[in-house]
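In the numbering used here, the protein residues as written are 4 to 199.
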């Protein structure tokens with residue numbers, strides 16, 4: 004899928020910055036999962052919210068203890084299968100789940116950079132797939148690079164990256180600010196509005 008210089012730059016960040024970056028992108032994919040659950044009656048859309056809240060908590064509260072093994076197990080049962088639904092919304096929902104799984108795995112393994120790249124890719128995939136579906140055709144990487152929706156997504160990822168990369172050490176105020184901005188916006192990477 005689309006490569007971006009951001010993937011190389013992420014290597015220079017610390018692990019708390021990777022985790023914050025992933026949490027921000029999951030926050031922007033959450034409405035896609037929630038909307039799918041609402042639309043189909045599948046699972047519990049708020050499970051994603053609760054997991055994301057636990058992850059933010061580990062970023063904000065020193066020594067917050069979370070059993071991520073158990074959380075991952077619960078979450079894996081909450082991932083829809085594309086074969087079961089004749090509905091476009093299943094794809095963005097699955098991408099959101101892929102991103103959350105990467106984030107949970109990073110909390111278990113302590114390896115963060117490759118998971119951060121994977122979450123970045125999951126989010127851009129959602130955007131690119133929707134653009135191609137609406138255009139009713141495949142697009143080349145060149146075309147996608149010029150696509151306004153794809154450009155917007157990269158811009159937002161870079162913006163989050165830049166804010167994080169300017170920090171010398173873990174900045175709780177910045178983390179809180181990112182969390183509340185994204186949560187209050189309640190708009191997904193493909194423009195789905197989250198109304199509780």
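Backbone N, C-alpha and C fix where the C-beta goes; we use that ideal spot for every residue, glycine too.
Exercise for review: For residue 105, I'd like the list of residues in its chain whose CB is within less than 6 angstroms of its CB, leaving aside the five on either flank, ordered along the chain.
Suggested key: 118, 121, 122
Exercise for review: Please look up how many angstroms separate the CB atoms of residue 50 and residue 33, rounded, as I've assumed it's under 8 angstroms.
Suggested key: The pair is not a contact, with the Cβ atoms about 11 angstroms apart (cut-off 8 angstroms).
Practice item. Could you pull the start and end residues of the alpha helix (DSSP H) that residue 171 belongs to? Key: Taken as a continuous stretch (DSSP letters only), residue 171 belongs to no alpha helix (DSSP H), as it is neither H nor E.
Review point. Based on the DSSP output, what are the partners of residue 196 in its beta bridges?
Key: 190
Review point. On the premise that residue 132 lies in contact with residue 88, defined as a C-beta separation below 8 angstroms, what is that separation, rounded to the nearest angstrom?
Key: 15 angstroms between Cβ atoms; not a contact.
Point to revise | Beta-carbon contacts of residue 91 that lie in its chain and below 7 angstroms, excluding the five residues immediately before and after | key: 136
Check your understanding: What is the DSSP secondary structure of residue 58, counted as helix, strand or coil?
Key -> helix
Review point. Are residue 5 and residue 127 closer than 9 angstroms when you measure CB to CB?
Key: yes
Review point. Thinking C-beta only, is residue 195 closer than 9 angstroms to residue 181?
Key: no
Check your understanding: CA-CA distance, residue 96 and residue 175?
Key -> 29 angstroms
**Study point:** Selected residue, minimal CA-CA separation from residue 103, among 26, 20, 191
**Key:** 26
Check your understanding: In three-state terms, what does DSSP make of residue 104?
Key -> helix
Practice item. Name the residue from 101, 59, 134, 187 whose alpha carbon lies nearest to the alpha carbon of residue 153. Key: 134
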